[in-house]
Amino acid sequence: MSPTFDSTADPGPDALLQIVGPDGTRHLCPELDPWVTDIDADALENLYIDMVSIRRLDAEGTALQRQGELGLWAPLLGQEAAQIGSGRALENDDFIFPSYREHGVAYCRGVAPSDLLRMWRGAAPSGWNPYEVNMANQQIVIGAQTLHAAGYAMGLRFDGSSAAAITYFGDGATSQGDVSEAMVFAASYQSPLVFFCQNNQWAISEPVARQTTGHIADRAAGFGLATWRVDGNDVIAVMAATRAALAHVRTGSGPAFIEALTYRMGAHTTADDPTRYRDALELEEWAAKDPLDRVAAHLDGLGSDMNALKVRADDAAEKLAAGLREAITSMPDPEVSDLFAHVYSHDHAGLDEQRDFHQRYLRSFESTAEATA
Amino acid sequence: MSPTFDSTADPGPDALLQIVGPDGTRHLCPELDPWVTDIDADALENLYIDMVSIRRLDAEGTALQRQGELGLWAPLLGQEAAQIGSGRALENDDFIFPSYREHGVAYCRGVAPSDLLRMWRGAAPSGWNPYEVNMANQQIVIGAQTLHAAGYAMGLRFDGSSAAAITYFGDGATSQGDVSEAMVFAASYQSPLVFFCQNNQWAISEPVARQTTGHIADRAAGFGLATWRVDGNDVIAVMAATRAALAHVRTGSGPAFIEALTYRMGAHTTADDPTRYRDALELEEWAAKDPLDRVAAHLDGLGSDMNALKVRADDAAEKLAAGLREAITSMPDPEVSDLFAHVYSHDHAGLDEQRDFHQRYLRSFESTAEATA
Amino acid sequence: MKSLTFSQALNTGLRASMERDSKVVLMGEDIGKLGGVFRITDGLQKDFGQHRVIDTPLAESGIVGTAIGLAFRGYRPVVEIQFDGFVYPAFDQIVSQLAKMHFRSRGNVKLPVTIRIPFGGGIGSPEHHSESPEAYFAHTAGLRVVAPANPQDAYTMLQQAIADDDPVIFLEPKRRYHTRGEVDTELIPEPGSLYRAKVARSGKDLTLVAYGPLVKTALDAATAAEDEGIDIEVIDLRSLSPVDFATLNASVRKTGRLVITHEASRFGGLGAELAASITESCFDYLDHAPVRVTGFDIPYPPAKLESHHLPDLDRILDGVDRAMRRGGTSRGEEG
Amino acid sequence: MKSLTFSQALNTGLRASMERDSKVVLMGEDIGKLGGVFRITDGLQKDFGQHRVIDTPLAESGIVGTAIGLAFRGYRPVVEIQFDGFVYPAFDQIVSQLAKMHFRSRGNVKLPVTIRIPFGGGIGSPEHHSESPEAYFAHTAGLRVVAPANPQDAYTMLQQAIADDDPVIFLEPKRRYHTRGEVDTELIPEPGSLYRAKVARSGKDLTLVAYGPLVKTALDAATAAEDEGIDIEVIDLRSLSPVDFATLNASVRKTGRLVITHEASRFGGLGAELAASITESCFDYLDHAPVRVTGFDIPYPPAKLESHHLPDLDRILDGVDRAMRRGGTSRGEEG
Ligand SMILES: Cc1ncc(C[n+]2csc(CCOP(=O)(O)OP(=O)(O)O)c2C)c(N)n1
Ligand SMILES: Cc1ncc(C[n+]2csc(CCOP(=O)(O)OP(=O)(O)O)c2C)c(N)n1
Ligand SMILES: [Mg+2]
Ligand SMILES: [Mg+2]
């Protein structure tokens, strides 16, 4: 009489906010439409180009990993609308606390290719200067960044700033105590913070049903957050929800939560083999909801010149990919001295002694080499 | 322009389940009434005696601390209905994971006075044998026990047992990541676990509004738990809600959550001075909602012989208090060897050596004493 | 010079830091109206407001994690952990985030967060209220760890810790909170002095190293040993990471004998590092192996047994006797 | 005898434990269908069902906390932490609950929980995937800590750890998962042998202590040293708490010289305890201070730098030279 645990999928898209359906049809969405009145065909074409670009960026990441240029890569394939829709909704001074999969958001922030790849190449613990792009470095410990975002948002409030903070995390992350605590703190101080959950249905091999029996967005509501549950493969809907949530938090009405339903079309990382745990059928189902195809279909319906658009998009994507390859070939390996740099911001007697010791150790090889030369 | 954080009290008793009001009037409560059809005047008298007894127990704890017999005491004053109502709703084989304030629940379990006081006296890290009373030892780390309860309840489910687990914690505890994770795990495995939150309005000096902007029970609902929000000073309502929740979890319908609204009438512990942070008015307000007075008023209305009842209650209480005093005076101090006992369940070379070393060290004083004698 | 208790010195130091730098904010459970369970922040919320002295929800990971976020935003948070045993829920945020962010961001993000922890035993408390977790933090690269032992250092070192751009774990010997001492509130400490040990009493026969709560005990032991003709040099370590080995080595090269004492468990405690490092640097000067007098490798015991667990004058003198080869309790194997 | 990789040996050991005792349940992230990210639990959910091999929500404190609850109920949970760096969210449950429950309950509650942690570096991973957290656990009273170094020990020690009534932190050297070796699956280990060190190679000039991933490196170093006429005794520590000092002391009394190596940071690492304890027991036998060859006191570095951080053959031999007073890199103060 052993109990079984059904890993039935997320209860489904009830109350799911959507503007453009999988087939490209535009729906009325009274809750979201007011937030995207400016998204005309031109604007949508740009979002399309963005999505094509980051899909290409992602493919290049996977390719570079296969070629041995990167140690690892976490594909975003399938999550383009979630990342571009939200990334493009942010103001420049909004501060982002991402996980490890938000290459698309980093792209929106103009993170340099070399800085984006540095960590994945194993050349540095992380890449960019957060203050140059208003985006924290990649976070690997699941959920940890949500608390940093909550603290940063407290600071924004203390400063009387009109900026907001946003933090990205996955469906799996919602189980971590830190994420719940981040909601507690953000609500307690009514801080200007948007929680952006990319519910891509899987946490490595665990379906979202292992993490929750209900909707993730409902959990956030229980913490007193304003919530939006949105079709994460619908770039306009995601943008609208993010703008709505940002507007909400900027007024001092407390934090907000967006659950964007999407799907991780690829492997968890290049080290993962999803065929071991998930059904090809599920993949097919979600392929039919592709975030790029629906925008193309919609633009086509609007009368956009799709051939011209695809050329423009491919050009942009190819340029981006070339930049990534160039960044890799020109990236110098780190120096041994980097081991000891930045552990502390100033002198630390113990570490300084180790650094000096190691320098003497390395020099002993030089002298041996000289001696035998 | 510095923001202020209002510590407005809990939003109030909307949707609060109640059976007997502060003035002793019995209300209809369709949701709870079916669960307490057996609670006639006799049964209620017994609950009253229980409440008087643990109020006395609590007073004795405080007195013993003042007399230097205990190192510390955490008063339950004001929370008698929450503890007796729930404690008396449990079956013997239901397993309890308490915090540090559930002396009333321990009393229901028949924990021996000496075992109850052992920890507060500083004579042992904790008291009783959990397996003898189906109640884990006191837990001091806020929220930690809720996860143990979640695991125990998983085990109950694996075993096909009809027993349930119940865990007690406070309003402050709801902020701890562990408590959220316990809800995640209990919901994920649909385990027979009742979360019993005594929302006594304060976590030491922090009002519940610091922990949450909404109702605590709503948070639990967001995790997919069946919830009851009950007047925690109404012993019949608490008993009814606990029985309902237990019945719910026993059917395999997943975990349940009870928020019992009550008030910590005393100090957080004997080391605390609540006048530093809370208003005498608030105390008065809650004194008017006393859990014992309303049962007395109700029984009086039912025609119970109140003088006789009070004598019976005082007798029982006095006997209990005498038992506590007797337990203290007869409690032997721990032995030095207790330092090393039970760190491990069997030999550990490192610790065993330290134990032997310390024995030799202590013996050196004996020989010195002998030598100088 | 003012006569202040250890806790008053901390309170005064906090106030000075807050007055000097408007980015200094205090965070913790019950630190506002209550002034903290030890009253270290007494009166500060009243004077600086609720956004400078921030009562937090009851969640230590949340406190440290949001302090990191505030530091990201340019604040200089000073976190109070209510008791030593309640720092562990924040361990991940401390070890994987606070300690590593500067390295991770290649020096771009500084996290000047000070975590104040009332630590150690001797106050008759129940479980989790008397822990000495310093070894966990000292072993963690990226953190600095200090422990004052007297009111003057409490006052000065706390301000130095807050002013430091790196995260600092600031360990307060809670059983010394009521100790009174002279405090020069005008003192301008030398730069870098936060990380230097102090010779608290000079002597020539043996070096006795202590920190936090046991410095007083060590000084008492030295006085007692004087009667037996042993001249002990007592070193107040002050900084646990980095350790000021220059001062320690100089002392041991002079005395040839070393006793280390701390309340924390012996196995893998800081004493092991001190003994191992000093042995490596001073082997040829040592007349006897370094001796450790520490808490046992047990969970902190109940109040009625803590006096047996905590190193006291007698146990330190027993260690001194061993180091002097004048007896003391024999080690098992030999004895 | 079977030829098995380290990971196959673990898998086989788990299977044997599960067959022997129906109360043994496995818990962790992705351990079911996926078989864990390292495939250590491959096939076990299929064979034993979802209530014996339990995929958990993504929350380490939750995993350890519920494992404690299951143990309370009579189960014998074996927890997999996906990578070393992800054990810290569970630190409070491990240190304040798992380690202390037996003591707290005065022996009434036993928590036979095994926590498997793939640990250490050398696999080119990003941050948090290469940590060596053993010092934190070894310093924690109430825990036992072991680390196998070869497939036979992986197989045997894992079953012994699971059978132990105390909580055991079981550290698996992940970069050795693919190492192949002969495993006697019929072997019935001596009682108590889980906590004994092994002389992996005997020698007379110097004692070299290693555990987990570095045992192989240490043996290679010993082979290399042979060419230079140094006869090294290599000890595979196996148990980190308790440490088998009897075996270590006997070796050092014979050789008079000690080198200890581990990947973890040096400051406050296990090497400090070994050096300090052995010095205390063997001072008069030592010809030189114990030498430690360890990772630096830095956050684990990025993949392209890890070879500099990890002790390798050359760095161990440099330490050997120092211990033999035959050169090696000079220590700063002297040099
Ligand atoms: C604290 C912690 N535990 C475990 C891991 C290992 N891990 C990396 S990603 C991942 C799954 C994350 O799932 P989700 O939050 O849904 O994000 P996604 O990868 O789907 O974007 C796990 C378990 C980790 N990085 N951190
Ligand atoms: C992890 C942890 N942090 C802090 C404390 C100190 N502390 C003890 S009780 C308490 C307040 C608890 O409030 P609540 O959960 O509402 O329970 P109550 O005391 O009101 O019954 C605090 C902060 C603790 N015991 N554990
Ligand atoms: Mg996911
Ligand atoms: Mg409370």
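Chains as they are written, first to last, in this note's numbering: chain X, 746 to 1118; chain G, 746 to 1118; chain Y, 27 to 361; chain A, 27 to 361. All residues carry an ideal CB built from backbone N, CA and C; glycine is no exception.
- In the structure shown, X:Q943 adopts extended strand secondary structure according to DSSP, grouped into three states.
- By the 16-neighbour rule on beta-carbons within 10 angstroms, X:M864 is buried.
- Judged by the Cβ position, G:W1031 fails to qualify as a neighbour of ligand 4 at the 7 angstroms threshold, every heavy atom of the ligand being at least this far.
- The Cβ-Cβ distance between G:H848 and G:G806 falls below 8 angstroms.
- Identification of chain G residues near A:Y101 by a Cβ-Cβ cut-off of 7 angstroms yields G900, ordered along the chain.
- As a beta-bridge residue in DSSP terms, Y:H288 pairs with Y:T320.
- The alpha-carbon separation between A:S87 and Y:D347 amounts to approximately 45 angstroms.
- Given a length threshold of 4 residues, each whole run of the alpha helix (DSSP H) inside the stretch 55 to 103 of chain A is given here in chain order: 70 to 74, 86 to 98.
- Excluding five sequence positions before and after Y:A164, the CB atoms of its chain that fall closer than 7 angstroms to its own CB belong to V171, L266, S267, L296, given in chain order.
- One finds S87 in chain A with Cβ atoms closer than 7 angstroms to the Cβ of G:G922, taken in chain order.
- Cβ neighbours of X:E1004 within its own chain (closer than 6 angstroms, five residues either side excluded): C942, N944, I961, A962, R974.
- Interface criterion not met: the Cβ of Y:G133 is under 8 angstroms from no Cβ in chain G.
- Counting along the chain, X:E776 sits inside no alpha helix (DSSP H), nor does DSSP assign it H or E at all.
- One thing to note: Y:P337 has its Cβ no nearer than 8 angstroms to the Cβ of G:L1084.
- G:M1076 carries a coil assignment under DSSP once its states are collapsed to helix, strand and coil.
- Annotation for X:A948 indicates a beta carbon within 7 angstroms of some heavy atom of ligand 3.
- For A:F309, the secondary structure class from DSSP, reduced to helix, strand or coil, is helix.
- Looking at the DSSP output, G:T1007 bridges to nothing.
- Taking the Cβ of X:N945 as the reference point, at least one heavy atom of ligand 3 falls within a distance shorter than 7 angstroms.
- Excluding residues up to 5 positions away in sequence, R863, P1079, D1083 lie with their Cβ nearer than 8 angstroms to the Cβ of G:A869 in the same chain.
- Between G:D839 and G:A908, the C-beta gap is smaller than 8 angstroms, which places the two residues in contact.
- Within the model, the alpha-carbon separation for A:E157 versus A:L137 is close to 26 angstroms.
- For Y:V194, the enclosing beta strand (DSSP E) begins and ends at 194 to 199.
- At a cut-off of 7 angstroms, the beta-carbon of X:R1009 counts as near ligand 3: some heavy atom of the ligand is closer than that.
- By the rule that beta-carbons nearer than 8 angstroms mark a contact, A:G150 touches chain X.
- In this structure, X:A857 places its C-beta atom within 8 angstroms of the C-beta atom of X:W873.
- With distances taken between CA atoms, A:I143 lies nearest to A:E160 out of A:D246, A:D310, A:E160, A:S131.
- For G:Y934, the closest C-alpha among the options G:S925, G:R1039, G:G896, G:D1059 is that of G:G896.
- In this structure X:F1110 is exposed. Its beta-carbon is surrounded by fewer than 16 other beta-carbon atoms within 10 angstroms.
- By the neighbour-count criterion, in which a residue is buried when 16 or more other Cβ atoms sit within 10 angstroms of its Cβ, A:L213 is exposed.
- Taking 8 angstroms as the cut-off, the beta carbon of Y:G238 is found closer than this to the beta carbon of Y:A175.
- Within a 10 Å sphere around the beta-carbon of X:V1056 sit fewer than 16 other beta-carbons, which makes this residue exposed.
- The C-beta of Y:H288 has 16 or more other C-beta atoms within 10 Å across all chains shown, which makes the residue buried.
- Around the Cβ of X:A1067, a 10 Å sphere holds fewer than 16 other Cβ atoms; the residue is exposed.
- Annotation: the continuous alpha helix (DSSP H) that includes A:K242 extends over 240 to 253.
- Look at the beta carbons and you see the stretch 979 to 991 of chain G not touching the stretch 917 to 926 of chain G: under three pairs across the two are nearer than 8 angstroms.
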